[in-house]
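Be aware that the sequence shown starts at 1, since it is given in UniProt numbering, and climbs by one per residue.
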Amino acid sequence: MSGPGRPRTRWTATGGCGRWRSGRTACSPPPTTTGGSSSSIRCPAVTGTVTHPRAVTAVAFSANGRFLASGGADRTVRISELGGAAPAEVRTLTCDAPLSAVAFHPVDRAIAVATESGTVTAFEVETGFEQYRVSHPAPVRDLAFTADGELLVTSCEDGVLRVVGGRP
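Encoded structure:
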């Protein structure tokens, strides 16, 4: 937010160089977060930095705007709480392959994570407990929950959209 006496601030997650491209945008009013091939994430309403050793490939806000998840080519998802002066890392989740997409469940405190290996895994945000895992025949490119969280849709490199139950 900028204006008289209100400096423009940003939140940045950085990673190393790589051939990964995100081009995804995640919104949760008021901030807008963007990620891309520069291995960085910018959020104009929060300040701070979280780093991945390799490219940042996916970002998502929780429905209440309290958490931000960043997924990377390093096979990790870093969940940060945005309530303080700077993002505070809450949890790091390790996956079986580089990340391609992340999405917070809109109702429950869970996150779905998609990987280049075709695996979609749902984790509890607070504990890191694996709730369920779904395998796909090709890399998963994106995923999204319905507004009520009852369904999860995935898009796969094989050209097929798959709909599964969104709750454990």
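Where is the CB? At the ideal position from N, CA and C, for every residue including glycine.
Since the model is a prediction, treat every value here as computed from it, not as a measurement.
Residue j and residue i - do their beta-carbons sit closer together than 8 angstroms?
{"i": "His-52", "j": "Ser-70", "result": "yes"}
{"i": "Ala-138", "j": "Asp-158", "result": "yes"}
{"i": "Phe-123", "j": "Leu-93", "result": "yes"}
Distance, Cα to Cα, residue i vs residue j?
{"i": "Ser-155", "j": "Ala-88", "result": "31 angstroms"}
{"i": "Thr-57", "j": "Arg-141", "result": "11 angstroms"}
{"i": "Gly-149", "j": "His-105", "result": "6 angstroms"}
{"i": "Val-164", "j": "Arg-133", "result": "11 angstroms"}
{"i": "Gly-96", "j": "Ala-85", "result": "Note on identity: in this sequence residue 96 is Asp, with Gly being the wrong assignment. Between Asp-96 and Ala-85, the C-alpha separation is close to 33 angstroms."}
{"i": "Pro-98", "j": "Ser-62", "result": "21 angstroms"}
{"i": "Arg-75", "j": "Thr-127", "result": "18 angstroms"}
{"i": "Arg-54", "j": "Leu-151", "result": "31 angstroms"}
{"i": "Glu-116", "j": "Arg-162", "result": "16 angstroms"}
{"i": "Ala-114", "j": "Ala-73", "result": "12 angstroms"}
Please go through the same chain and pick out, in chain order, the residues whose beta-carbon is closer than 6 angstroms to the beta-carbon of residue i, but skip the five residues on each side of it.
{"i": "Cys-27", "result": "Summary for Cys-27: the model assigns pLDDT 42, below 50, so the residue's position carries little reliability, and this model does not support an answer."}
For the candidate residues the options, whose alpha-carbon lies nearest to that of residue i?
{"i": "Phe-67", "options": "Arg-167, Arg-91, Thr-146 and Val-153", "result": "Arg-91"}
{"i": "Gly-118", "options": "Ile-111, Ser-100 and Ala-86", "result": "Ser-100"}
{"i": "Leu-82", "options": "Thr-76, Ala-60 and Ala-147", "result": "Ala-60"}
{"i": "Arg-109", "options": "Arg-78, Asn-64, Glu-116 and Leu-151", "result": "Asn-64"}
{"i": "Val-153", "options": "Ala-112, Pro-98, Asp-74 and Arg-75", "result": "Ala-112"}
{"i": "Val-107", "options": "Val-125, Ala-114 and Ala-73", "result": "Val-125"}
In its own chain, which residues sit with a C-beta less than 7 angstroms from the C-beta of residue i, not counting the 5 before and 5 after it?
{"i": "Ala-146", "result": "Note on identity: in this sequence residue 146 is Thr, with Ala being the wrong assignment. Within the same chain, Thr-146 has close Cβ partners Gly-166."}
{"i": "Gln-131", "result": "Ala-110, Ala-122, Phe-123, Glu-124 and Pro-168"}
Taking the beta carbon of residue i as the centre, do at least 16 other beta carbons fall within 10 Å, making it buried, or is it exposed?
{"i": "Thr-121", "result": "buried"}
{"i": "Phe-102", "result": "This sequence places Val at residue 102; Phe is not what is there. Burial call: buried."}
{"i": "Ser-135", "result": "exposed"}
{"i": "Val-160", "result": "exposed"}
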